[in-house]
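Everything on this sheet refers to the single structure shown next.
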Amino acid sequence: MTFFKADKLAIHFGGVKAVDGVDFEITEGEIFTIIGPNGAGKTTIFNLISRIYEPTEGKLIFNDEDITNTAPHLIAGRGIARTFQNIELFEQATVLQNLLIGRHAHRSGTLLANVFFLPSTRRAELAHREEVEKVIEFLDLARYRDQRIANLPYGVRKVVELGRALCTEPKLLLLDEPSSGLNVEETSDMAFWIKDIRDLLGITVLMVEHDMSLVNRVSDRVLALNYGRVLTLGSPSEVQSNEEVIRAYLGG
Amino acid sequence: MRFVFKTRYEQDLRLWRHNGDLIGYGIFLAALLALPMFAGVYYVGEANLWLIYAIAAMGLMIAVGFTGMVSLGHSAFLGIGAYTHAYLLQNGVPFVFSLPLGGLLAGAIGVAVGLPTLRMHGIYLAIATLAVALITQEIMSKWSSVTGGFDGLPVAAPDFLSIQTEAMYQGEWFSVGGLHVGWVELWSPVSLYYICIVVLILAALIARNLLRSPTGRAFVAIRDSEISAQSMGVHLAHYKTTAFGISAFVTGLAGGLFAHQISHLAPDAFNIFISIELLLICVVGGIGTIQGAVLGAAFLILLRSFIPIVRDEVTAGAGGVEFLAGLVRFVNSPGLEAAIFGALLVLFIVFEPMGLYGRWLKTKTYFDLFPLYKKSTFARQKSYVKTERLR
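Take a look at the structure:
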């Protein structure tokens, strides 16, 4: 069975080939990292997987199903959650409300049940709250629970965004630069959490990351991209010592 | 200061935050109910207008405040609600059905309008909805078989308050309108006032229930970041249309009450200026809050009755004085209201973006934390880049 597979994935913006025939496969339970210089097409791959972009060519397979034509709002329900490079939280809402939106894919009940707040809606809300509280405990967010995002420091926002993705109960978690903007201590916390997410929650992680120490600590396999093409794929140390990768980063 | 100690998750699902809030709302409701006993009919009429505007603005708040969709078309929904209600009432449909039917038709048209226009954002959406307002007003004036055109449509009194009876007088039957108990006529501004309170409470409940349920959370998510709302599984088109439909429904309900308030419908009563007034209420009251609609409406009604008073005073006081002639001309210039409203809109956006309700919260927090209040508690910051380019 195929857990996740990108098959000759490509997207062209006019003449720019942002992603140009990328193949890779992720096995269940691994931490898979995509690295590459700026503009290599890493985030574009994420946007293709979350179906914000329409691929020009290629296929996306998830859990043996073709998700190349799945509507973007159905991706979360399929079990793929993501975070964003520039934090896309709901700023005027509290941490709790943000995490509850993560439960949206699991909601039930009709509009009218919501308008009248019927007992069924109340029960569902309490059940969602239980799930959200598990994530709050896992990520140690309890003291920020009722704070609005706009009042929180950057590092905490990163964690909240991770929590919101976890609330969707994903099978595959896409992390777009989880350590960007974090200090050394927060980055090391993030590394522990990424490992815990895989080891304790059994969620497969696909991440884009620039911080090589974090990549080395958590990744099972690393894919190096440049100009939308695969340079190499292998263990972190293999990829780091690869000639082409060094040339892509240092020039020459 | 008060610390709300929470022991059960259900406490976060309550309609009020703590029992102190409940006392506050109780006092407010009691004052509302008691108002007609102290105030004259004129003031009850003004209060009706206040409540009706509050309901209409609550509808608009669902679109603008919760979901972040600017609409200048809500005068149309107010009008659709008003005309539908008046037309049905005239044709013998009982009040308790015709009022919600007016809201439902407004909501249905809101959905129909929303389907094509809600792909747009910000200023483009405002222009599209502006077109809806103008077209609707045109239809109201041209479709005279239903709306009465420029002659207007008289609004009948609610059936349950005005049983038509016939009386024999000197050998002929006469229709006697109005239900009387003793000397008190049941249909009056006071009875409309109480109907308005009931509808206001219903509208507030709808809005509050939405906000604490998945649907309302999806609205707020769309407002703050469409792209991540979508990634969390929110179907953007579906929820935007839903929000717009509910918004138009609530404003349509207000329209039915508005019909009674002005008692004779004419297309001019639903011009674009009403939309701007409703938007002003939302911003001045506090965007995104239910209480804001009530506070903002009170502000607008007070301002509207205050402007003529100032105008008369200035004209009377400075009428003969030579060097004040310019001032007199200024206060009597047409369109002064619109200019003042526009200026207020800008001033509130710049200096008090959280509106009157925000000011109330700040004052409350000030006394809660005295003397440790920090101004920065409510400071808004926007230092992180949003992924707007994906729109």
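Listed in order, the protein sequences are those of chains Y and U.
Count along the first sequence from 1, then add 1318; that gives the number in our numbering.
Count along the second sequence from 1, then add 38; that gives the number in our numbering.
Just so it is clear, CB atoms sit at the ideal spot from N, CA and C, and this is done for glycine as well.
1. Are any of the Cβ atoms in chain U nearer than 8 Å to that of Leu1524 (chain Y)?
2. Go ahead and pull the three-state DSSP assignment for Leu1524 (chain Y).
3. Indicate whether at least one CB of chain U lies closer than 8 Å to the CB of Leu1549 (chain Y).
4. What separation, rounded to the nearest whole angstrom, lies between the Cα atoms of Ile387 (chain U) and Gly290 (chain U)?
5. Look up Thr1412 (chain Y) in the DSSP assignment and say whether it is helix, strand or coil.
6. For the region 137 to 166 of chain U, enumerate the residues whose C-beta is nearer than 9 Å to any C-beta of chain Y, in chain order.
7. Over the uninterrupted alpha helix (DSSP H) stretch that includes Ile314 (chain U), give me the two end residues.
8. What does Gly1395 (chain Y) reach in chain U if we use C-beta pairs closer than 8 Å?
9. Using a beta-carbon distance below 8 Å, is Gly1332 (chain Y) in contact with chain U?
10. Is the region 1556 to 1570 of chain Y in contact with the region 1375 to 1382 of chain Y, if contact means three or more CB pairs nearer than 8 Å?
11. Tell me which residues of the region 240 to 263 of chain U have at least one Cβ-Cβ distance to chain Y shorter than 8 Å, keeping chain order.
12. Quick one: which residues of the region 1427 to 1440 of chain Y get their C-beta closer than 7 Å to a C-beta of chain U? List them in chain order.
13. Could you check the C-alpha separation between Glu1575 (chain Y) and Ala1542 (chain Y) for me, to the nearest Å?
14. Starting from the Cα of Leu382 (chain U), find the closest Cα among U:Ala72, U:Arg342, U:Leu303, U:Ala245 and give me that residue.
15. Between Glu48 (chain U) and chain Y, is any beta-carbon pair separated by less than 8 Å?
16. Among U:Phe389, U:Leu394, U:Ile325, U:Pro138, which residue has its Cα nearest to the Cα of Ala101 (chain U)?
17. Determine which residues share a DSSP beta bridge with Asn1544 (chain Y) and list them.
18. Is Gln1403 (chain Y) near Asp1517 (chain Y), with beta carbons less than 8 Å apart?
19. Please name the residue or residues paired with His302 (chain U) in a DSSP beta bridge.
20. Can you tell me whether DSSP reads Phe66 (chain U) as helix, strand or coil?
21. May I ask you to list, following chain order, the residues of the region 1369 to 1385 of chain Y that have a beta carbon less than 7 Å from some beta carbon of chain U?
22. Determine, for Ala1460 (chain Y), whether the minimum Cβ-Cβ distance to residues of chain U falls below 8 Å.
23. Which stretch, first to last residue, makes up the alpha helix (DSSP H) that contains Leu98 (chain U)?
24. Relative to the alpha-carbon of Glu1455 (chain Y), which residue among Y:Glu1503, Y:Val1413, Y:Thr1388, Y:Lys1326 has its alpha-carbon at the smallest distance?
25. Listing by chain order, which chain Y residues have their CB less than 8 Å from the CB of Leu274 (chain U)?
26. Which residues, in chain order, does the region 1402 to 1420 of chain Y contribute to contact with chain U at a C-beta distance below 9 Å?
27. Tell whether a beta-carbon distance below 8 Å holds between Val1523 (chain Y) and Ile1352 (chain Y).
28. Using a beta-carbon distance below 8 Å, is Leu51 (chain U) in contact with chain C?
29. Looking at Val258 (chain U): is its Cβ nearer than 8 Å to the Cβ of Phe1434 (chain Y)?
30. To the nearest whole angstrom, what separates the beta carbons of Phe282 (chain U) and Leu156 (chain U), a pair I think is in contact under 8 Å?
31. Mapping the DSSP letters down to three states, classify Ile1370 (chain Y) as helix, strand or coil.
32. Which value, in whole angstroms, describes the spacing of the CA atoms of Val222 (chain U) and Thr401 (chain U)?
33. Count the other CB atoms, across all protein chains shown, that sit within 10 Å of the CB of Gln49 (chain U); report buried if there are 16 or more and exposed otherwise.
34. Which chain Y residues are close to Ile328 (chain U), counting only those with a beta carbon under 8 Å from its beta carbon?
35. Taking the straight line between their C-alpha atoms, what separation do you get for Glu1443 (chain Y) and Leu1418 (chain Y)?
36. Taking the straight line between their C-alpha atoms, what separation do you get for Asn1365 (chain Y) and Gly1339 (chain Y)?
Quick answer:
1. no
2. strand
3. Output row for Leu1549 (chain Y): interface = no.
4. 27 Å
5. strand
6. Within the region 137 to 166 of chain U, no residue qualifies.
7. It spans 310 to 323 - the alpha helix (DSSP H) in which Ile314 (chain U) sits, taken as one unbroken run.
8. Gly271
9. no
10. no
11. Ile244, Asn247, Leu248, Arg250, Ser251, Pro252, Thr253, Gly254, Arg255, Ala256, Val258, Ala259, Arg261, Asp262, Ser263
12. Leu1429, Asn1432, Val1433, Phe1434, Phe1435, Thr1439, Arg1440
13. Shown here, chain Y extends from 1319 to 1570; a query on residue 1575 (chain Y) therefore has no answer.
14. U:Arg342
15. yes
16. Nearest option by C-alpha distance: U:Ile325.
17. Its beta-bridge partners are Y:Arg1547.
18. no
19. U:Pro192
20. The answer is helix: DSSP assigns Phe66 (chain U) an H, G or I state.
21. Ile1370
22. no
23. 79 to 99
24. Y:Val1413
25. His1391
26. Phe1402, Gln1403, Asn1404, Ile1405, Glu1406, Leu1407, Phe1408, Glu1409, Gln1410, Ala1411, Leu1414, Gln1415, Asn1416, Leu1418, Ile1419, Gly1420
27. no
28. Of the protein chains in the structure, Y and U, none is chain C.
29. no
30. 6 Å
31. coil
32. Confidence at Val222 (chain U) is low in this model, with a pLDDT of 48, below 50, so the placement of that residue should be treated as unreliable; the coordinate-derived value is given next. About 43 Å.
33. exposed
34. Going along chain Y, no residue has its Cβ under 8 Å from Ile328 (chain U), so there is no contact; the nearest lies around 14 Å.
35. 9 Å
36. 15 Å
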